[in-house]
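Asks: Mind having a look at this structure? Questions to follow.
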Amino acid sequence: MSAVSFDPVAKWDARVPLLIVGAGAAGICGALAAKEVGVDAVVIERDAVPGGSTALSAGLIPAAGTRFQRAKGITDNPDCFAGDIRRKANDGAAPAALEPVACGAAPLIEWLTDFHALPFELVDSFNYPGHSALRMHGLPSRTGRELIDRLRHAAELLGIVILTESVADRLFADRDGRVRGLEIVRGNGIRERIGCETLILACSGYGGNSELVRRFIPEMAAALYFGHPGNRGDAVLWGEALGAELAYLGAHQGHGSVTTPHNILITWAVIMQGGFQVNARGQRFCDETRGYSEQAAEVLRQPGGIAWDVFDAHIAGVARQFEDFQIAESAGAILTAGTIDELVAAMDVPLDDFANEWHTVETLKTCGKVDRYGRQFAPEQRLQSPFCAVKVTGALFHTQGGLAIDATGRVKRKDGTVFPNLFAAGGAAAGISGTSAAGYLSGNGLLTATVLGRSTGQVAAALVLHQAE
Ligand SMILES: Cc1cc2nc3c(=O)[nH]c(=O)nc-3n(C[C@H](O)[C@H](O)[C@H](O)COP(=O)(O)OP(=O)(O)OC[C@H]3O[C@@H](n4cnc5c(N)ncnc54)[C@H](O)[C@@H]3O)c2cc1C
Numbered sequence: 000m001s002a003v004s005f006d007p008v009a010k011w012d013a014r015v016p017l018l019i020v021g022a023g024a025a026g027i028c029g030a031l032a033a034k035e036v037g038v039d040a041v042v043i044e045r046d047a048v049p050g051g052s053t054a055l056s057a058g059l060i061p062a063a064g065t066r067f068q069r070a071k072g073i074t075d076n077p078d079c080f081a082g083d084i085r086r087k088a089n090d091g092a093a094p095a096a097l098e099p100v101a102c103g104a105a106p107l108i109e110w111l112t113d114f115h116a117l118p119f120e121l122v123d124s125f126n127y128p129g130h131s132a133l134r135m136h137g138l139p140s141r142t143g144r145e146l147i148d149r150l151r152h153a154a155e156l157l158g159i160v161i162l163t164e165s166v167a168d169r170l171f172a173d174r175d176g177r178v179r180g181l182e183i184v185r186g187n188g189i190r191e192r193i194g195c196e197t198l199i200l201a202c203s204g205y206g207g208n209s210e211l212v213r214r215f216i217p218e219m220a221a222a223l224y225f226g227h228p229g230n231r232g233d234a235v236l237w238g239e240a241l242g243a244e245l246a247y248l249g250a251h252q253g254h255g256s257v258t259t260p261h262n263i264l265i266t267w268a269v270i271m272q273g274g275f276q277v278n279a280r281g282q283r284f285c286d287e288t289r290g291y292s293e294q295a296a297e298v299l300r301q302p303g304g305i306a307w308d309v310f311d312a313h314i315a316g317v318a319r320q321f322e323d324f325q326i327a328e329s330a331g332a333i334l335t336a337g338t339i340d341e342l343v344a345a346m347d348v349p350l351d352d353f354a355n356e357w358h359t360v361e362t363l364k365t366c367g368k369v370d371r372y373g374r375q376f377a378p379e380q381r382l383q384s385p386f387c388a389v390k391v392t393g394a395l396f397h398t399q400g401g402l403a404i405d406a407t408g409r410v411k412r413k414d415g416t417v418f419p420n421l422f423a424a425g426g427a428a429a430g431i432s433g434t435s436a437a438g439y440l441s442g443n444g445l446l447t448a449t450v451l452g453r454s455t456g457q458v459a460a461a462l463v464l465h466q467a468e
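Using numbering that gives the first Met the number 0, you'd call the opening residue of the sequence shown number 0 and step up by one each time.
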């Protein structure tokens, strides 16, 4: 159980200028940025090999105005991007973070490409709900595992120390909130105390802490948690004990398309390209294109807490660029059939209800009318044999609430002032997704982790250098 101690520490085992808890995208981007100005961060990481939720993601980062977009003739800019984030969050995106992420994303992608050799490319074969331009940037495998491995490699090349198999367990601070250091538990059970000038909490959210999920996101308390189990809400618990302001605690990224029982993510591209969802009765139940995040709770409300993604072989070809989809195919999760009757038999849903929905959807596609839920299908999205279906459920991916920060990543107290040397980034900080799952625009997670991880590393390093003068 993470805790805060206000007792003075007589002797530190080591002292470092900058400590970072968590070697996910936020922590490593912060360490890389600090190193650039000559500050050596030490990163504390629970796992033997850094991964976090970053490794579980598709590794797609949205950015507006990149050279990768320009090369493909895409017109986009940070204002338009900020507008999309704000609209999806129903005007609830944390204002302090909104402009920095919208403006900082393109430089972030180009910085990681040019200085740290991450070969980003624009994903131009489909778009995600709520983005008014093609702006997702991904690595060749479209996996977060590749993203975190390449970030770790970049850190290793620069000699950044990542203390793996080390859990930050206790935070030491003065009564006025100045952080003094951490007690960590090494893999062999030995406890060490490391003093620091400045601390960045990059240990993500509380999805791995069922008690906190029940407290802050009760509607997802029974849902499958698909994020990193080591994200146990330490930042929120330390923040609470220090008197920090906590914000947007109900916000989260859900996903309404995780195969069951295999638990493999099926990209939302299968829906956006013209697929749709039906429940176990063969009936549609909402406009799927509002977003995959809010769709998690919709799916869980259906009989048995499941739904079927229905699409075709052409769409499967688009989805196959994601390794997860290929794994789902190898696992036998994707049903394929030459006719609707055969597909329905394999799905085991009522034929009449399903055939009725199918006919309605395909007719709507030809006439371009809006359906009963408000979804508009495009004429070119008619499904062709062979047809496909996959049984899915809703899952909690990660939490978006956390420590309230100012525009530079400094953690705020309840009275609005900031702690002198405490920063937060990524899933540890309050995000830009408003107050619920519906406010999550695709990419908000890695966007805040990478962009604010980098900028927080820069500001924390500047503070270290200033204190040393
Ligand atoms: C299945 C899935 C798909 C996703 N897809 C996308 C996507 O395509 N695009 C997108 O933008 N977002 C996506 N997300 C969200 C995204 O992965 C997260 O928002 C992002 O990775 C958060 O980065 P982070 O660095 O803050 O946290 P993490 O990557 O989770 O890293 C936190 C690290 O802190 C460590 N840690 C925690 N507590 C301690 C402690 N006390 N001591 C030591 N170490 C500790 C953990 O072990 C972990 O390694 C997805 C999430 C999931 C689960």
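All C-beta atoms in this analysis are idealised placements derived from N, C-alpha and C, irrespective of residue type, glycine included. Since we're looking at a predicted model, the values are computed, not measured.
Would the C-beta of Ser56 count as close to ligand 1, meaning under 6 Å from any of its heavy atoms?
Replies: Ser56: yes, Cβ under 6 Å from ligand 1.
Asks: Within the segment 284-342, note down every full beta strand (DSSP E) run reaching 3 residues or more, in order along the chain.
Replies: The segment 284-342 contains these whole beta strand (DSSP E) runs: 305-311 and 333-336.
Asks: Might you give, ordered along the chain, the residues of its own chain that have their beta carbon closer than 8 Å to the beta carbon of Ala57, omitting 5 neighbours on each side?
Replies: Gly137, Arg141, Thr142, Gly143, Leu264, Thr266, Phe321 and Asp323, listed in sequence order.
Asks: Closer than 8 Å is the cut-off here; do at least three beta carbon pairs connect the segment 370-377 with the segment 334-348?
Replies: Judged by Cβ distances under 8 Å, the segment 370-377 makes no contact with the segment 334-348, as fewer than three pairs qualify.
Asks: Give the range of the beta strand (DSSP E) segment to which Asn420 is assigned.
Replies: Element bounds for Asn420: Val417 to Ala423.
Asks: What's the call for Leu471, buried or exposed, on a 16-neighbour Cβ count within 10 Å?
Replies: Because the chain here runs from 0 to 468, residue 471 falls outside it and cannot be looked at.
Asks: Below 6 Å, is the gap between the Cβ of Cys233 and the nearest heavy atom of ligand 1?
Replies: It should be pointed out that residue 233 corresponds to Asp in this sequence rather than to Cys. Asp233 Cβ: within cutoff of ligand 1.
Asks: Counting C-beta neighbours from all protein chains within 10 Å, is the total for Cys366 16 or more, i.e. buried, or is it exposed?
Replies: That one is exposed.
Asks: Among the candidates Gly304, Ile404 and Phe396, whose CA atom is the shortest distance from the CA of Gly452?
Replies: Measuring from the Cα of Gly452, the nearest candidate turns out to be Ile404.
Asks: Assuming Thr259 and Val391 form a contact by the criterion Cβ under 8 Å, report the distance between their Cβ atoms to the nearest whole angstrom.
Replies: The Cβ separation is near 6 Å, so the contact holds.
Asks: Below 8 Å, how does it come out for the segment 435-445 and the segment 249-258: are there three or more Cβ pairs, yes or no?
Replies: Yes, they touch.
Asks: Ligand 1 and Arg45: does the residue's C-beta get closer than 6 Å to at least one heavy atom of that ligand?
Replies: Yes, Cβ of Arg45 sits closer than 6 Å to a heavy atom of ligand 1.
Asks: Which residues in the same chain have their Cβ closer than 8 Å to the Cβ of Lys413, if we skip the five residues on either side of it in sequence?
Replies: Correct list, in chain order: Gly242, Ala243 and Glu244.
Asks: Thinking Ala459 and Ile199 are a contact (beta carbons under 8 Å), I'd like their distance in whole angstroms, please.
Replies: Contact holds; Cβ gap of about 5 Å.
Asks: Please report how far the alpha carbon of Lys364 lies from the alpha carbon of Gln383, in whole angstroms.
Replies: About 13 Å.
Asks: In terms of residues, what are the limits of the alpha helix (DSSP H) holding Met135?
Replies: That residue, Met135, is in no alpha helix (DSSP H); its beta strand (DSSP E) goes Met135 to Gly137.
Asks: Under 6 Å from any heavy atom of ligand 1, does the C-beta of Asn230 make it?
Replies: For ligand 1, at least one heavy atom lies less than 6 Å from the Cβ of Asn230.
Asks: Please state if the CB of Gly129 and the CB of Asp83 are separated by a distance shorter than 7 Å.
Replies: Yes, they are a contact pair.
Asks: Comparing C-alpha positions only, which one of Asp39, Ala92, Pro99 and Glu297 sits nearest to Pro77?
Replies: Measuring from the Cα of Pro77, the nearest candidate turns out to be Pro99.
Asks: What's the C-alpha gap between Phe396 and Val298?
Replies: If I take the Cα positions, the gap works out to 15 Å.
Asks: Mind pulling the beta strand (DSSP E) runs of 3 or more residues that sit fully within the segment 222-286?
Replies: You should have 251-258 and 275-277.
Asks: In its own chain, which residues sit with a C-beta less than 8 Å from the C-beta of Val417, not counting the 5 before and 5 after it?
Replies: So the list reads Asp405, Arg409, Val410 and Lys411, once near-sequence residues are dropped.
Asks: With contact counted as at least three CB pairs below 8 Å, one residue from each stretch, are the segment 167-180 and the segment 103-113 in contact?
Replies: The answer is no - the segment 103-113 does not touch the segment 167-180, with fewer than three Cβ pairs under 8 Å.
Asks: Closest by CA to Gln294, which one among Ile270, Ala312, Gly430 and Pro349?
Replies: Minimum Cα distance to Gln294 is reached at Ile270.
Asks: Got a sec? Which residues, its chain only, sit under 8 Å from Val212 by beta carbon, not counting five neighbours each side?
Replies: Here the set comprises Tyr205, Gly206, Met219, Ala220, Tyr224, Leu395 and Thr398.
Asks: I need the straight-line Cα distance from Asp39 to Thr407, nearest angstrom please.
Replies: Cα-Cα distance, rounded: 19 Å.
Asks: Check for me: the beta strand (DSSP E) holding Thr434 runs from which residue to which?
Replies: Neither: Thr434 is in no beta strand (DSSP E) and is coded neither H nor E.
Asks: Does ligand 1 have even one heavy atom less than 6 Å from the beta-carbon of Cys195?
Replies: Cys195: no, Cβ never under 6 Å from ligand 1.
Asks: Below 6 Å, is the gap between the Cβ of Ala25 and the nearest heavy atom of ligand 1?
Replies: Yes, since a heavy atom of ligand 1 falls inside the 6 Å radius drawn around the Cβ of Ala25.
Asks: For Tyr291, which residues from the same chain have a beta carbon less than 7 Å from its beta carbon, with the 5 sequence-adjacent residues on both sides left out?
Replies: His254, Gly255, Ser256 and Trp267.
Asks: With distances taken from CA atoms, which of Lys368, Ile183, Arg319 and Gly442 is nearest Lys87?
Replies: With distances taken between Cα atoms, Lys87 lies closest to Gly442.
Asks: Among residues of its own chain, excluding the 5 on either side of Asn278, which ones have a beta-carbon nearer than 7 Å to its beta-carbon?
Replies: Within the same chain, Asn278 has close Cβ partners Phe284, Gln301, Pro302 and Ala306.
Asks: Sorted by chain position, which residues of the same chain lie with C-beta nearer than 7 Å to Ile339's C-beta, five sequence neighbours on each side aside?
Replies: Correct list, in chain order: Ala354, Trp357 and Phe386.
Asks: Any idea if Ile60 is buried or exposed, counting beta-carbon neighbours within 10 angstroms, 16 or more meaning buried?
Replies: Ile60 is buried by the Cβ-count criterion.
Asks: May I ask you to list the residues that DSSP assigns as paired with Arg190?
Replies: DSSP lists Val184 as partners of Arg190.
Asks: Are there 16 or more other CB atoms within 10 angstroms of the CB of Gly186, so buried, or fewer, so exposed?
Replies: Flag for Gly186 reads exposed.
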